[in-house]
Each structure stands twice: as structure tokens, then as C-alpha cells.
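Residue numbers (the numbering used here), protein chains in the order written: chain A, 1 to 229; chain B, 1001 to 1170.
Note that the Cβ used here is the ideal one computed from N, Cα and C, for glycine as well.
Notes to accompany the following structure.
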Amino acid sequence: MSDEEEFFAWLDGELRGDAAARVEARVAADPALAAQARAHRALAGRLRGAFDPVLAAPVPDRVGAPPVDFAVVRDRRASRPVSRMTRWAAIAATLALGIVTGTMLATGSSSPIVRENGVLVAAASLEDALDTRLASAPASDDVRIGLTFRDADGQLCRSFENRDGSGLACRADGDWQIRGLFKQDEASPGDYRMASGPDPRLAELIDATIAGEPFDAEAERAAKEGGWR
Amino acid sequence: MGSQIEIERELRAHWPRLRRFALALSRDAADADDLVQATAERIIRSVGQWQAGSRFDSWMFRIARNLWIDTMRARGRQNARFAPEEDGEQIGFDPRPGTEAAIDLGTAMAAMQRLPEEQREVIALILIDGLGYRETADTLGLPIGTISSRLARGRTALLAMLGEKECGGE
């Protein structure tokens, strides 16, 4: 321990017996050192005082409650800050669910989206596509897969498009739960859909859901082989 | 092994200190809140790792500190080192020696940000929280000699930043 470190250890009450007495004598005999001691005591007091109000803040009712994965939040922040507006846009976007369910949520065994215990999940051709199809698959098929990525909870999500519209589904309890569904814009119908890029509402929803970067082809294939876990 | 209820009770009891520690490490309140939340969740998930009766605070600080290091690594060292200096100036930090008034939280945080990460955590635990050297060494998993040398360097730098009212300056 250097003299300086010993001096601080004494100041912090870390020295006992002879060691403490030795530094105390040194300080008493040296006005400059005594002034140092006062300055450092004052500094510690002011520093602690600055943080004191923090201790008075109320403790939340539920500690550690929200299911947020810090690592994922961190990645997300590092890559691209997400504004509150985008989050709200995403919430608003999910409200668009009702619009399209009339066409997609038909009854019958071939319906691509079914209601299970009150949540919408992919079924039939849509489930099949989400389970097996890679983004590189030919776009001529009924369902085309867009992006694959993880959300802030670490769940895998995939965006998709079909004749009726586009949407986002994420893994939950072994299903592809529908997070958002957007009806094909009637003003620009049909075949131009793919060429004109994704629905801006879907883009907003993805933006608000994604944590980190979308998967590349290799990561997508690995996720498929891993059973989308 | 601690139960979920015990862990939550400990966490509630130590919440203000966790929050203070997070603020001492972070550049702003949003970062600190994220860190507190992440630490709380990690603690709740790690219920099996804490022995009831052992020191909760050291365990909690260690988790928070490790999460913080992960965050800093992800952001990149450059960012962590240089951005805070600007922040310090932006909030009206007064570097003149002899500033005698009590310092506010923003000024204290800005000064802390100017310290290297490894000195900041030691200052946060010893000078702000009041942990002993041995407890700090155990919490951070460092030799006690490393603690005392980082502490010496950190507090000397802080004194230069926050005023040397008893020293008569240079």
C-alpha cells in the first residue's frame, strides 16, 4: 500500500491499531496533509449528499416484475433507438387486426388464422409456411416470408404476406401467435404488393418489436433447424 | 436457498441503494432505471443462487455491476469514455477549484462519468454507498490492493473536478 493509499484507508476508517496511529501522527504533523484530509472528507460528504435524495424515492409495488431481457434491450438500444412514438404506432397498428380478420379468419379447417384460447394463431397454410419456409423461397407461393428476428423477450418472430395482406407472428407456447395483421391496401391491389415493399404499418410494427438485427439467411436456417426456439 | 418471497423482500429493502448505485454508474436516469430493472429481474430469476442469511447487498451490487459492464461493452469503449465528458459540460459542470456549495445529483453524476469505469464502481461502493474495502473487493471480485489504488486515483480526480475547498487549490 502506498503512503497515499494508506492515508485514504485511514481516512475511511479502514486502519486499526498501530497502522492507524502512525497515519494519524503523520497527518497531525503535516498541515498540508491535514488540509487534504479535510478536503477529502468534505468531498465524500458532498458526493454522498448529492445522491441522498435518491434514497427517498418510493420503492415500486412490484419489484422485478416486467419481463424485459436486459441483453436484448441493450442490443436494441445499441443498434437503433426506438422512440415512444413508434411504440404507440405499434399498439395502434395491432388494433388493425379487426379489419382483416373478416377475410383471413374464416371458419373451416383451411383457415390460415384461428382463434385459440382467445388469441389468434397461425394455422394451416400460414402455420406451415412460418414453420418451414425460408425468406428465400419463391414468392409465387401463397404465403411469402419476410423478416425473421427476435423480439425483446427473445421470442422468434417472422413477418409474412399473402394475397389478403401482411402480418407478424411470434412464437409463443409452441404456436405462431399473430402480433399484427394488415389488410391489403385496396387502392393498390393485387400483384403489385410485393414490388411496392411491405405495408408501412407492418414496417412500424416490426420496428417496434425487433430487438437487434433481422436474421440473415444463415441465421434464419439455423433458427428453423432449432425449431424456432 | 432463499425463497421467492425472501428475495423480493430483500430486493425491496435494498431497492434505494440499488438505484443509487445505478445512478452513480450511469450517465442518465434512463440508463440507471434500465439497470435497476435488469438487475431486479436477474435477481428474481436467480433466486436459487442466493443463500438466505448471506449478504444480499454484495450479491445485488455484483449482479448490477456485471450487467453494467455488459452494457458498456455492447456500446463500445469509445462511446463510454468520451461521450460523458460532453454531458458533464452540458449540465453546467463547474470545474473551478474552490466551489464550496453542496453539489446536486446532475453535477455529481457528470463528475462520476468522467472517471474510468473501474474507478467509478469503486467510488460508488465505498464513498457513496459506504461499503468497506473488503466487502467492495468481494463484491467486485478484485484484490483489496486494486480497490485501494483505484479508490485513491478516483477520489483524487473527483476532488480536482469538484473543488478543493480545504486545500487552497494549486
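- Contact between A/L168 and A/R150 does not hold, since the beta-carbon distance rounds to 13 Å and is not under 8 Å.
- In the DSSP secondary-structure assignment, A/V119 is bridged to A/E116.
- Closest in C-alpha terms to A/A152, from the list A/A211, A/R46, A/E5, comes A/A211.
- Assignment of beta-bridge partners to A/F149 by DSSP yields A/C157.
- Under a criterion of Cβ atoms nearer than 7 Å, the residues of chain A adjacent to B/D1104 are, in order, A50.
- Across the structure, A/L120 and A/Q177 are spaced so that their CA atoms are roughly 6 Å apart.
- Between the region 1057 to 1069 of chain B and the region 1018 to 1031 of chain B, the count of C-beta pairs closer than 8 Å reaches three or more; the two stretches touch.
- A check of alpha carbon separations from A/E204 across A/R221, A/G226, A/F215, A/L181 identifies A/L181 as the nearest.
- Within chain B, no residue has its beta carbon less than 8 Å from that of A/A123; the closest one is some 33 Å off.
- When A/L147, A/R48, A/E14 are compared, the shortest CA-CA separation from A/E218 is found for A/L147.
- The beta carbons of B/I1144 and B/Y1133 sit about 6 Å from each other, so the pair counts as a contact at 8 Å.
- For B/W1059, the nearest beta carbon of chain A is not closer than 8 Å to its own beta carbon.
- Non-local beta-carbon contacts of A/A44 in its own chain, meaning distances under 6 Å to residues more than five positions away in sequence, are absent.
- The C-alpha of A/R26 lies about 8 Å from the C-alpha of A/L33.
- For the region 35 to 46 of chain A, the beta-carbon criterion of a distance under 7 Å to any beta-carbon of chain B is satisfied by A35, Q36, R38, A39, H40, A42, L43, A44, R46.
- A Cβ-Cβ separation of about 6 Å places A/A39 in contact with B/L1159 under the 8 Å criterion.
- DSSP, reduced to helix, strand and coil, places A/A172 within a strand of the structure shown.
- Looking at the DSSP output, A/R144 shares a beta bridge with A/E161.
- Here A/L55 is exposed. Its C-beta has fewer than 16 other C-beta atoms within 10 Å.
- At a cut-off of 8 Å between C-beta atoms, B/R1012 counts as an interface residue with respect to chain A.
- A/D30: not part of any alpha helix (DSSP H); DSSP gives it neither H nor E.
- Only E4, E5, F8, A9, D12, E14 from the region 3 to 14 of chain A bring a Cβ to less than 8 Å from some Cβ of chain B.
- For a Cβ distance threshold of 9 Å, residue set P1016, R1017, R1019, R1020 of chain B lies close to A/L55, ordered along the chain.
- Secondary structure at B/Q1037: helix, using DSSP grouped into helix, strand and coil.
- Using a Cβ-Cβ cut-off of 8 Å, B/I1069 does not count as an interface residue toward chain A, since no Cβ of chain A sits closer than that to its own.
- Contact between B/V1036 and B/L1018 holds: CB atoms are separated by about 6 Å, below the 8 Å threshold.
- In the structure shown, the three-state DSSP call for B/I1005 is helix.
- For A/M1, no alpha helix (DSSP H) run applies, since DSSP gives it neither H nor E.
- Taking a beta-carbon distance threshold of 8 Å, B/S1148 counts as an interface residue toward chain A.
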